[in-house]
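In my numbering, the protein residues as written are 1 to 228.
Note sheet for the following structure.
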Ligand SMILES: *Cc1c(COP(=O)(O)O)cnc(C)c1O
């Protein structure tokens with residue numbers, strides 16, 4: 001079990017850094033949602049974070065996320081799915097998540113859409129910000145057509161774009177590129193101006209480039225129990 005006082009300190013420290021970055025970018029803090037990524041951590045840690053006021057949580061593997069969300073149904077937590085998703089699991093993910101940040105292919109649009117959904121699922125299109133086509137995400141040249149297909153699907157709502165900056169290099173140019181793609185998509189789809197970008201190591205740069213949804217794991221949760 002994580003040490004509750006240090007968890008509280010890390011959360012307060014990161015929230016302070018988020019506020020500083022927002023101020024430096026002359027941005028309203030209320031336009032930024034901090035999602036705590038709790039992958040590899042037990043439900044008990046989610047419960048502790050909830051006790052500290054966190055409401056937005058994210059996971060990247062369905063087989064881990066589903067039982068965790070089920071164990072925590074008594075909480076008023078919002079779950080976002082941020083990882084690679086198999087189409088055949090999409091319907092189940094929809095049942096416990098309010099948002100999926102990693103939609104990057106047509107089979108997922110089909111699998112996530114729903115004719116009879118009471119509440120639409122928020123969808124972010126993952127964009128590949130690297131030169132490596134093997135990495136997840138829609139390539140920028142195909143983004144506009146893909147966004148139109150997401151926007152036309154039933155029961156899902158296009159909210160914006162998601163990206164992971166390449167490692168080992170300055171993340172800022174990648175975030176700037178995602179921002180300019182977002183401006184193009186937003187001109188066509190006014191409700192799709194959200195930008196999911198920024199992780200433990202680069203959220204300040206992401207905020208400077210307009211991030212609205214931060215996905216922060218280890219800087220808040222600490223090291224993952226199984227992974228050193
Ligand atoms: C794990 C993960 C994060 C959080 O990463 P940290 O470096 O621990 O903050 C963010 N986004 C995605 C897609 C992830 O898989």
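Where is the CB? At the ideal position from N, CA and C, for every residue including glycine.
Would the C-beta of residue 215 count as close to ligand 1, meaning under 7 Å from any of its heavy atoms?
Distances between the C-beta of residue 215 and the heavy atoms of ligand 1 include at least one below 7 Å.
Report whether the distance from the Cβ of residue 197 to the nearest heavy atom of ligand 1 is below 7 Å.
Checking the Cβ of residue 197 against ligand 1 gives no.
Any non-hydrogen atom of ligand 1 within 7 Å of residue 165 CB
Checking every heavy atom of ligand 1 against the Cβ of residue 165, none is found closer than 7 Å.
Simplified DSSP state of residue 191, which is helix, strand or coil
In the structure shown, residue 191 sits in coil (DSSP, three-state: anything other than H, G, I, E or B).
Near residue 25, which residues of its chain fall below 7 Å by C-beta distance, leaving aside the five closest residues on each side in sequence?
Non-local beta-carbon contacts of residue 25 in its own chain, meaning distances under 7 Å to residues more than five positions away in sequence, involve 207, 208 in chain order.
When DSSP builds the beta bridges, which residues end up paired with residue 103?
When DSSP reads this structure, residue 103 sits in a beta bridge with 125.
Residue 211 beta carbon less than 8 Å from that of residue 199
Contact flag unset, no.
With DSSP collapsed to three states, give me the class of residue 208.
Correct three-state label for residue 208: helix.
For ligand 3, is there any heavy atom lying closer than 7 Å to the beta carbon of residue 39?
Ligand 3 is not part of the structure shown, which contains ligand 1 as its ligands.
Could you check if residue 254 belongs to the surroundings of ligand 1, using beta carbon to heavy atom distance under 7 Å?
It is not possible to answer for residue 254, since the shown part of the chain is limited to 1 through 228.
Do you know how far the Cα of residue 9 is from the Cα of residue 21?
Inter-residue distance for residue 21 and residue 9 is about 18 Å (C-alpha atoms, whole angstroms).
Would you mind stating whether residue 118 and residue 158 have Cβ atoms separated by less than 8 Å?
No, these two residues do not count as a Cβ contact at 8 Å.
Taking 7 Å as the limit between beta carbons, can you name the residues of its chain near residue 93, skipping five residues before and five after?
Hits under 7 Å: 62, 81, 85, 100.
Using the beta-carbon count (16 or more within 10 Å), is residue 38 buried or exposed?
Counting Cβ neighbours within 10 Å, residue 38 comes out buried, since at least 16 surround it.
Confirm, please, whether the CB-CB distance from residue 166 to residue 218 is below 8 Å.
Contact flag unset, no.
Buried or exposed, going by whether 16 or more other CB atoms sit within 10 Å of the CB of residue 128?
A buried status is given to residue 128, since no fewer than 16 other beta-carbon atoms sit within 10 Å of its beta-carbon.
Just mark residue 137 as buried or exposed, buried being the case when its beta carbon has 16 or more other beta carbons within 10 Å.
Residue 137 should be labelled buried.
So for residue 6, helix, strand or coil by DSSP?
DSSP places residue 6 within a helical segment (H, G or I) once states are collapsed to three.
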